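Before any comments, here is the structure.
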Amino acid sequence: MKIGVVGTGYVGLTTALLFAELGHDVVAIDIDKDKVDKINRGICPIYEPGADEILKKHASKNLRATTNYEIEDRDLIFICVGTPSRKDGSMETKYLEEAARQIGRRLKRGSVTVVKSTVLPGTTEELVISILERESMMKRGEFGVAMNPEFLREGLAIYDTFHPDRIVIGELDKRSGDILEKLYKPLNAPILRTSIKVAEMIKYASNAFLAMKISFANEIAILCEKLGIDIYDVTKGVGMDHRISPHFLNAGAGFGGSCFPKDVKALIYLAKKLGYEPRLLTGTLEINEYMPKHIVELAERELGSLKGVKIAILGLAFKPETDDIRETRALPMVKELLKRGAQVIGYDPKAMENFKRLVPEIEYAKSVEEAVSNADVVIIQADWKEFKNIDFDSFENLKLVVDGRRTVRPKKVRYVAVGRGD
Ligand code: NAD
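This is the structure we're talking about:
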């Protein structure tokens, strides 16, 4: 099939790689010329394990990138542009609108436009389809539309895309759903066909639920600290219940990334607009906002004042195996530490350059060893594998390790962790 993918970020690039690997002819479109050039040269513009190898196989063969909307001959066009938060928490639709306008102007009769970006219920029908109709001067039915939410995890994007738990297809018309079902058939994943609005809501409800599980574990963790017991002993027993499952029950620094915070915010905004004051969703975000501060307070509790204390933050990305710093918990943590007069040293295997652009005012170390050897305190914010191999006991200067992700367990140096009541 001839496929167009609009937006080549984490979702768009992975989607383009999947379809190229399945043997389709893929054109990837982005407004970012640098990304487009890199893709055509077989260089992955993001850090995502496994993506490089697949890109090298297909770049400038059955996958090419362009800044022009070359979609006139495409059977399927996937919209994968960002839908970030506006200041008031609502969903920014300007990238989506522009993509729909450009696609609409060149839309082939009978082609199917698929919204893969995370969009609030009602957006595809009320916004995207209206723009496509206006710009193409065709009516729905003359072209197909579907909403196909993406559930990949950054850092595991390639694995998740090739081995999804389920494929959700929200369809405007049966033909569009049939085409998508055929496209995804080789993945052998369960396929759920539903309406567009339900598909849109499945994505938000899934993300809100996972975010809520993390905040729930964090709330219980704080109680565990006060009770002198360990949250990880508790969640081990809780997670053995198949109705709950052990996943996303890890207490620590909280969730970040480009999805959970913005999607919960957007759902809260929508709920309020619909006349309902959401309690669980609001609480989920409130607990999450508190956790970086709680970690800093744990350090303060151990050392008294943090003024002049050298603190290394290990892991600046929002989680390991990515260079993505969107909504990373490292940012509020750094702000709290600077407010208390600490001297902060940052280190991350992949996200340092991105974080430096955001926070130029702190020191950065070239290696994890350099960061730890210059610090009085280490805070682990993202559990990169390389941190597990560090012998923290061998650093004489080190007074304290605060573990935000239960990554390590030094024997001699003082150790505190979220939800560890000792
Ligand atoms: P991203 O910011 O990494 O990438 C978006 C890309 O779209 C950028 O490269 C940007 O240059 C490009 N773009 C913007 N406007 C454009 C236009 N008019 N035409 C062509 N390209 C344009 O975003 P992402 O993380 O890939 O997320 C995309 C969508 O998928 C969002 O709605 C997000 O919520 C959702 N999502 C993300 C993830 C994730 O883990 N990142 C997972 C599931 C769903």
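So that you can map any letter, position 244 of the sequence shown is 260 in my numbering, and since no number is skipped, the others follow by simple counting.
Backbone N, C-alpha and C define an ideal beta-carbon position, used for all residues, glycine too.
Please read all numbers here as calculations on a predicted model, not as lab measurements.
Under the three-state reduction of DSSP output, Thr-82 falls in the strand class. At least one heavy atom of the ligand NAD is found less than 7 Å from the C-beta of Glu-170. Its chain contains Ser-231, Asn-234, Glu-235 as the residues whose beta carbon lies nearer than 6 Å to that of Ile-303, once the 5 sequence neighbours on both sides are disregarded; these appear in chain order.
Assignment of beta-bridge partners to Gln-359 by DSSP yields Lys-326. When DSSP states are grouped into helix, strand and coil, Val-21 belongs to the strand group.
Met-163 is bridged by DSSP to Val-131, Gly-186. Listed in chain order, the beta strand (DSSP E) runs fully inside the segment 253 to 332 are 326 to 330, counting runs of at least 3 residues. For Phe-94, the uninterrupted beta strand (DSSP E) run begins and ends at 92 to 95, by DSSP.
Judged by DSSP in its simplified three-state form, Val-429 adopts coil rather than helix or strand.
Close CB contacts of Val-434 within its chain, under the 6 Å cut and outside five residues either way in sequence, are with Ala-237, Ala-267, Gly-268 (chain order). The beta carbon of Tyr-285 sits closer than 6 Å to the beta carbons of Gly-105, Ser-106 from its chain, once the five residues preceding and following it are set aside; these are given in chain order.
Of Gly-25, Glu-37, Ile-62, the smallest CA-CA separation from Ile-45 is found for Gly-25.
Apart from the 5 residues on each side of it in sequence, Glu-166 sits with its Cβ closer than 7 Å to the Cβ of Val-27, Lys-132 in its chain, given in chain order. For the options Ile-195, Ile-183, Glu-305, Leu-199, the alpha carbon positioned closest to that of Ala-205 is the one of Ile-183. Relative to the ligand NAD, even the nearest heavy atom lies 7 Å or more away from the CB of Ala-67. Here Ile-329 is buried: its Cβ has 16 or more other Cβ atoms, across all protein chains shown, within 10 Å.
Per DSSP, the unbroken alpha helix (DSSP H) holding Ile-212 starts and ends at 212 to 243. Taking a cut-off of 8 Å for Cβ pairs, the segment 254 to 274 and the segment 306 to 315 touch, as three or more such pairs fall below it. In this structure, Glu-114 has its beta carbon less than 7 Å from a heavy atom of the ligand NAD. Secondary structure note for Asp-41: its beta strand (DSSP E) is the uninterrupted segment 41 to 45. Judged by DSSP in its simplified three-state form, Leu-374 adopts helix. Between the alpha carbons of Glu-241 and Lys-219 lies a distance of about 33 Å. Around the beta carbon of Ser-383, fewer than 16 other beta carbons sit within 10 angstroms, so the residue counts as exposed. Going by DSSP, Val-52 is part of the alpha helix (DSSP H) stretching over 49 to 56. Put simply, of Arg-80, Gly-320, Glu-64 the residue whose alpha carbon is nearest the alpha carbon of Gly-357 is Gly-320. Of the candidates Arg-345, Lys-372, Val-394, Val-280, the residue whose Cα lies closest to the Cα of Ala-315 is Val-394. Ile-174: not part of any beta strand (DSSP E); member of the alpha helix (DSSP H) spanning 173 to 178, first to last residue. Taking the Cβ of Tyr-26 as the reference point, at least one heavy atom of the ligand NAD falls within a distance shorter than 7 Å. In the DSSP annotation of this structure, the continuous segment of the beta strand (DSSP E) that includes Val-417 starts and ends at 416 to 419. If you ignore the 5 residues before and after Pro-365, its C-beta comes within less than 7 Å of the C-beta of Trp-400, Glu-402, all in its own chain and listed in chain order. Excluding the 5 residues flanking it on each side, Pro-262 has same chain C-beta neighbours closer than 6 Å at Gly-255, in chain order. Per the C-alpha coordinates, the member of Asp-41, Phe-225, Thr-177, Ile-378 positioned closest to Ile-260 is Phe-225. Between the segment 63 to 75 and the segment 336 to 350, the count of C-beta pairs closer than 8 Å reaches three or more; the two stretches touch. Lys-229 and Thr-344 have their C-alpha atoms spaced approximately 18 Å apart. Boundaries of the alpha helix (DSSP H) around Ile-70: 67 to 74.
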